[in-house]
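Colleague:
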Amino acid sequence: MSQFHDVQAFVREANRITEMADLQPLLEDALKALGFDKYAFTHHVPGFVVPNNVIRLSNYPDRWLNTFIKRNYFVDDPVFAACQRSSAGFVWSQLPQILTLTDRQREIMGEWGQYGFAEGFTVPVHIPGEAIGSCSMSVSDVTRFPLQALPAAQYVASFAFEAARRVVKREWVGTGKASNRASLTARQFDCLVLVGRGKSDWDISRILGISDQTVHQHVEAAKKRYGVASRTQLVVRALFDSQLTFSDLFDLGHIP
Amino acid sequence: MVVVITDENRAEYKQELAAMHRHRKQVFVDFLKWNIPVVDEIYEIDQFDNSDAVYLVVLDPDSRKHLGSIRLIPSTKPHILESMFPFLCEDAVPVAEDIWEITRLCTAPNAPNPKLVLGQLATGLMEFGLLYGVRKFTFVTHMGALSQVLAFGWDCEPLGLPQKVSGDEIGAMLVNVDTQSLHMCRKKLGTQKPLLRLPTAARAA
């Protein structure tokens, strides 16, 4: 099969995806076949915790992700900065032609080598009314950079990002899958949010103006509905099915 | 509201169509710098704006001002993909009664809510397809606009790999028309009501 027909097959599958867990292996196989070893498909929304309609898909080493988030490279990373200026895809070695690199940006680029980023290709994602996103695909050995595969990579990136967007925004129709969300009462939900914010039963009772015994009963009932044993599991499960969102738990500030 | 303007009812929409061609000139020639024909210095009109062309036009329901539009041409008639960019298709250019091309998607530069206008056009196009028996639409897009187009909620797939044409990466796409996509578009728009205003049927003799 030609490279195009592989892309076409990928697109058809990606268009039918309804779960991130199905998208990731599909994407990884496609990128590997094109000759890339690392990828990061992400909205440019800073922070360790983000709302669950924000896409963060990557196989970057944790060390790099931690550095990136902790030092807030969302603002300074030259690839991210170039995405603000370019709507078309670009190769990382062309960055100096897209923007005048600051000292800090040169410094960041200097760190890439030790994490295995020798050369890459990034497709910016600009959708009006949404945070900017990007799809970066890279190799650790510049001599193996798949220049011939960039047109195909453009499509794999754009269609995969859109598939991920549909998953996080839960925008698809007619799969007929019944929701397996546990149904919580309004009071149980209030307690769940406060549990997620690290409050004790006593704290919650003060905030909601009910007895701590009642709070305890609400939390126990919510755990039961999810079939989990601990408060931590309860929060994780509720985040997983979007009953609870990160924005319920944190002040996220301004998201562009 | 989204009106369907065909050869049949064109005379009723002279002003609206003139506004469409003016806005197309502002968007495609002045802003995007496309090298395409301009008529009387203010209208963007090309050889495909002929009697085969159908327009979906979003009008302000009160003032009837042009807010955005798109041009549709049956693939069995001369159209842009076949005439100018056939090399963007890996296989043959799709040509059939039930395949139409969409071009010149634009929003008026002064439209207060361009995102809404695009959503109405995206939805109107699915309605048009289902009503007029169009199973697929083809179009050519710049790579810089691709993610925005994919976010319309259509079921889209490429017809060939993107290529560089006079400095820009462009590619040909195919959109499948079905009720699922219509519902997807309507869900994004937050409405379940049909949007299209159709040409009134010719009076029986």
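Sequence order for the protein chains is H and D.
For the record, in the first sequence the residue sitting at position 85 is 146 according to the numbering used here, with numbers rising by one throughout.
For the record, in the second sequence the residue sitting at position 109 is 113 according to the numbering used here, with numbers rising by one throughout.
A virtual CB, placed ideally from N, CA and C, is assigned to each residue, including glycine.
Nothing here was measured: the structure is a model prediction, and the numbers come from that model.
1. Does chain H have any CB closer than 9 Å to the CB of D/Asp-172?
2. Using DSSP with H/G/I as helix, E/B as strand and the rest coil, what is H/Ser-148?
3. So, helix, strand or coil for H/Cys-196, using DSSP?
4. Does DSSP classify D/Met-5 as helix, strand or coil?
5. How is H/Ser-240 classed by DSSP in three states: helix, strand or coil?
6. By the three-class DSSP mapping on this structure, what secondary structure does H/Ile-265 have?
7. Given that a residue counts as buried once 16 or more other Cβ atoms are within 10 Å of its Cβ, and exposed if not, what is H/Glu-168?
8. Output, in chain order, the set of chain D residues within a Cβ distance shorter than 7 Å of H/Ile-188.
9. With distances taken from CA atoms, which of H/Gly-181, H/Arg-226, H/Val-203 and H/Gln-166 is nearest H/Ala-192?
10. In chain order, which alpha helix (DSSP H) runs of at least 4 residues are fully inside the stretch 143-181 of chain D?
11. Is there contact between the stretch 94-101 of chain D and the stretch 111-131 of chain D, where contact requires at least three CB pairs shorter than 8 Å?
12. The alpha helix (DSSP H) with H/Ala-282 in it runs from where to where?
13. Hey, how far is the Cα of D/Leu-85 from the Cα of H/Arg-231?
14. Note down the Cα distance separating D/Ala-208 from D/Ala-57, rounded to an integer number of angstroms.
15. Is D/His-165 close to chain H, meaning its C-beta is less than 9 Å from at least one C-beta of that chain?
16. Would you mind stating whether H/Leu-305 and H/Val-254 have Cβ atoms separated by less than 9 Å?
17. In whole angstroms, what is the alpha-carbon distance linking D/Ala-126 and D/Leu-71?
18. In whole angstroms, what separates the C-alpha of H/Phe-102 from that of D/Asp-66?
19. Within 10 angstroms of the Cβ of D/Met-130, are there 16 or more other Cβ atoms? Answer buried if so, exposed if not.
20. State yes or no: is the C-beta of D/Gly-175 within less than 9 Å of the C-beta of D/Val-144?
21. Using the beta-carbon count (16 or more within 10 Å), is H/Leu-88 buried or exposed?
22. Quick check on H/Asn-114: buried or exposed, where buried means 16 or more other Cβ atoms within 10 Å of its Cβ?
23. For H/Lys-238, which residues of its own chain have a beta-carbon under 6 Å away from its beta-carbon, when the five flanking residues on both sides are left out?
24. How would you list, in chain order, the residues of chain D whose beta-carbon sits under 9 Å from the beta-carbon of H/Gln-215?
25. Starting from D/Trp-104, trace the beta strand (DSSP E) in both directions and tell me its first and last residue.
26. Against chain H, which members of the stretch 109-142 of chain D pass a CB distance test of less than 9 Å?
27. Excluding five sequence neighbours on each side, which residues of the same chain lie with their C-beta closer than 8 Å to the C-beta of H/Ala-143?
28. Take H/Glu-172 and list the residues in its own chain whose beta-carbon comes closer than 6 Å to its own, dropping the five residues that flank it on each side.
29. For H/Thr-204, which three-state DSSP category applies?
30. Rounded to the nearest angstrom, what separates D/Glu-45 and H/Gly-194 at their Cα positions?
31. Can you list the residues of chain D that H/Pro-207 reaches, using a CB-CB cut of under 7 Å?
32. Measuring CB to CB, does D/Pro-90 end up less than 9 Å from H/Gln-69?
33. Quick one: is H/Pro-212 near chain B, going by C-beta distance under 9 Å?
34. Give the straight-line distance between the Cα atoms of D/Met-24 and D/Leu-36, rounded to the nearest whole angstrom.
35. Look at the alpha carbon of H/Pro-207 and the alpha carbon of D/Glu-20, and state the distance between them as a whole number of angstroms.
36. Would D/Pro-198 count as contacting chain H if we go by Cβ distances under 9 Å?
Modeller: On the basis of the supplied data:
1. yes
2. coil
3. strand
4. coil
5. Caution applies to H/Ser-240, whose pLDDT of 41 falls short of 50 and renders its modelled position unreliable; the model cannot decide the point.
6. helix
7. exposed
8. Ser-151, Gln-152 and Ala-155
9. H/Arg-226
10. 147-154
11. no
12. 273-287
13. 33 Å
14. Residue confidence is low: D/Ala-208 scores 48 on pLDDT, short of 50, so the model does not pin down where it sits. Its coordinate-derived value is still stated next. Going by the C-alpha atoms only, they are around 25 Å apart.
15. The sequence shown places Leu at residue 165 of chain D, rather than the His named in the question. Yes, D/Leu-165 counts as interfacial toward chain H.
16. yes
17. 14 Å
18. 43 Å
19. buried
20. yes
21. buried
22. buried
23. Caution is warranted here: a pLDDT of 40 is assigned to H/Lys-238, below 50, making its placement in the model unreliable, and no coordinate value can be reported.
24. Met-147, Leu-150, Leu-165, Pro-166, Glu-173 and Gly-175
25. 103-111
26. Pro-118, Lys-119 and Leu-122
27. Phe-151, Leu-156, Ile-159, Leu-160, Thr-183 and Pro-185
28. none
29. helix
30. 38 Å
31. Neighbours of H/Pro-207 on chain D: none; closest Cβ ~13 Å, over 7 Å.
32. no
33. Reference to chain B is not applicable here, since the protein chains of this structure are H and D.
34. 16 Å
35. 49 Å
36. no
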